[in-house]
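S.K.:
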RNA sequence: UCAGAUGGCUGGAUGGCCGCUUGGCUUCGUGGCUGCGUGCAAACGCAAAGUGCGGGGCUGGGAGGAAAGUCCGGGCUCCACGGAAACACGGUGACGGAUAACAUCCGCCGGGGGCAACCCUAGGGAUAGCGCCACAGAAAAUAUACCGCCGAUCCGCCGCUCUUUCGGGGGCGCGGAGGUGAGGUUGAAAUGGUGCGGUAAGAGCGCACCGCGGUCCUGGCAACAGGAACGGCACGGCAAGCCCCACCGGGAGCAAGACCAAAUAGGGAUGGCACGUAACCCGUUUCCGGGUAGCCGUCCGGGUAGGUCGCGUGAGGCGUCCGGCAACGGACGUCCCAGAGGAAUGGUCAUCCAUCCGUCGCAAGGCGGAAGACAAAACCCGGCUUAUAGGCUGUCUGACGCU
């Protein structure tokens with residue numbers, strides 16, 4: 743399985759759909775995933791979005807949290823994500839202070855758990 | 001050297017790996033447009049240049065002094081409006097200047113504070129009018145009443161006393177008429193203050209100085225300052241309670257506004273099919289003719305989602321010179337310097353840099369650890385206000401010491 747390309751989620755409706763999908767949390771972040779609607783999805787692509795609420799802090803802190811999440815996602819998702827799937831990463835207050843290596847582990851474990859849960863729903867086989 | 005006052009600048013650095021965004025050049029793919037050729041036509045082929053979309057390569061730019069709060073002033077956009085004025089409402093408020101404009105800035109004046117450098121000041125009008133002045137206090141705006149002081153003058157004669165020519169007269173005391181106005185513990189504020197004279201007691205009643213008032217002179221563009229003689233002193237405070245005066249002001253805001261425009265529903269035009277027996281409408285009625293209502297196609301305009309523009313050459317930055325005490329203005333040269341839209345301008349690691357803590361060392365310093373101010377453009381400018389670790393630096397004042 744080769745590298746997948748990422749599209750950004752920008753519509754509020756997309757975020758709301760992901761909220762109803764599978765959710766897994768860890769100390770540094772929360773992950774929500776769901777299948778991309780067939781009319782929008784493209785082969786070889788997955789979709790990715792970020793959220794940082796006011797709980798994280800002011801504008802400076804929220805921007806920084808989203809950038810850290812983006813860096814982590816850039817490193818992991820193109821290799822481990824599934825195509826035609828939406829991923830939403832939600833920042834938590836600890837996202838700012840958690841060591842980078844720990845943040846990587848958080849995402850990897852959340853991803854594995856969420857994929858396992860999603861499998862019977864979509865009927866897709868694990869590669 | 002110490003203490004203090006007041007401006008200006010800055011807002012971590014370097015490198016490795018991995019990324020984002022936006023220009024320029026170049027190249028590849030692809031779509032459409034135009035021209036030429038072949039062809040009856042559909043279509044196919046070729047082509048310089050321009051252009052939409054997608055990808056590669058090279059190269060350049062990419063948060064702030066407050067980007068913040070959204071408190072003022074403008075540009076810009078749309079809406080309203082014949083002009084002007086008045087009224088209402090809102091704002092501003094010593095004077096002179098700067099500016100596109102301002103509640104900003106500069107200079108200056110008045111008042112208050114500080115030994116000083118300097119700091120603070122919403123600083124028009126209280127005889128245009130209304131209103132308010134709590135508590136305390138005798139009294140809070142009108143000059144009195146109350147307590148108090150006096151009782152010179154006049155009256156009474158009540159008491160004591162001196163004198164007597166027995167009519168009375170004098171002195172002291174008492175009461176009254178009356179005089180007096182700031183002495184009365186207050187208060188934010190008390191009807192000018194202090195001193196001397198004066199008086200029965202007192203009082204600007206008189207005088208000196210200070211304060212106050214209008215007049216005149218001098219200086220200043222002006223606010224105002226200084227001086228002179230005069231007036232015996234009237235006019236309490238609050239306008240940030242209403243108000244009066246002077247000046248300024250249409251409203252809403254980039255979610256402004258302009259353009260492109262899917263699906264679905266609906267509107268209009270038009271063509272075809274069906275129905276033309278029934279219903280309704282029109283031509284007076286029957287007949288007859290036309291139309292509406294159904295289905296399908298094409299086109300048109302409005303318009304939602306969505307998209308594009310607005311959106312980066314500007315009251316622009318930097319440098320030199322000139323004018324001005326300054327704010328600022330002028331001339332010349334030079335530069336192009338963020339444009340996102342679930343929102344780019346970064347993530348991570350290492351070293352250095354300052355900061356703090358622990359520890360070792362006489363010391364220079366070594367080792368380990370923590371942590372890196374406030375705060376992120378959202379149409380753009382000029383200000384104000386507020387937040388801000390640390391660092392660099394100019395000028396000035398006072399005290400002490402030395403020469």
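In the numbering used here, the protein residues as written are 743 to 869. Ideal placement from N, C-alpha and C gives every residue a C-beta, glycine not left out. Being a predicted model, the structure only gives us computed values, none of them experimental.
1) Can you give the Cα-Cα distance for residue 845 and residue 824, rounded to whole angstroms?
2) Using only CA atoms, which one of 852, 837 and 755 lies nearest to residue 804?
3) What is the DSSP secondary structure of residue 825, reduced to helix, strand or coil?
4) Are residue 789 and residue 751 closer than 8 angstroms when you measure CB to CB?
5) In this structure, does DSSP put residue 798 in helix, strand or coil?
6) Please identify the residue among 793, 799, 755 and 860 whose C-alpha is closest to the C-alpha of residue 811.
7) Using a Cβ-Cβ cutoff of less than 8 angstroms, which residues in the same chain neighbour residue 850 once the five nearest sequence positions on both sides are dropped?
8) Given this structure, state the Cα-to-Cα distance separating residue 864 from residue 778, to the nearest angstrom.
9) Go ahead and label residue 758 buried or exposed: buried means 16 or more other beta carbons lie within 10 angstroms of its beta carbon, across all protein chains shown.
10) Output yes or no for whether 8 angstroms exceeds the beta carbon distance between residue 730 and residue 787.
11) Between which two residues does the alpha helix (DSSP H) harbouring residue 755 extend?
12) Whose C-beta lies closer than 7 angstroms to the C-beta of residue 806 among residues of the same chain, with five residues either side of it excluded?
13) Residue 868 by DSSP, collapsed to three states: which one?
M.R.: With the given structure in hand:
1) Using only the alpha carbons, I get a separation of about 20 angstroms.
2) Comparing Cα-Cα distances from residue 804 to each of 852, 837 and 755, the minimum goes to 837.
3) When secondary structure is reduced to three states using DSSP, residue 825 falls in the coil class, being assigned neither helix nor strand.
4) The criterion of a C-beta distance shorter than 8 angstroms is satisfied by residue 789 and residue 751.
5) For residue 798, the three-state secondary structure derived from DSSP is coil.
6) Among 793, 799, 755 and 860, the Cα nearest to that of residue 811 is on 793.
7) Contacts found: 818 and 822.
8) Residue confidence for residue 864 is low, a pLDDT of 43 falling below 50, so the modelled location carries little weight; the figure read from the coordinates is stated next. Each residue's alpha carbon lies about 11 angstroms from the other.
9) Looking at its Cβ environment, which holds fewer than 16 other Cβ atoms inside 10 Å, residue 758 is exposed.
10) Absent from the model: residue 730. The displayed extent of the chain is 743 to 869, so no value can be given.
11) Per DSSP, residue 755 belongs to the alpha helix (DSSP H) from 754-761.
12) Once the five neighbours on either side are set aside, the close Cβ partners of residue 806 are 838.
13) Legend: pLDDT at residue 868 = 38, less than 50; position of this residue unreliable, value from coordinates given subsequently. Reduced to three states, the DSSP call for residue 868 is coil.
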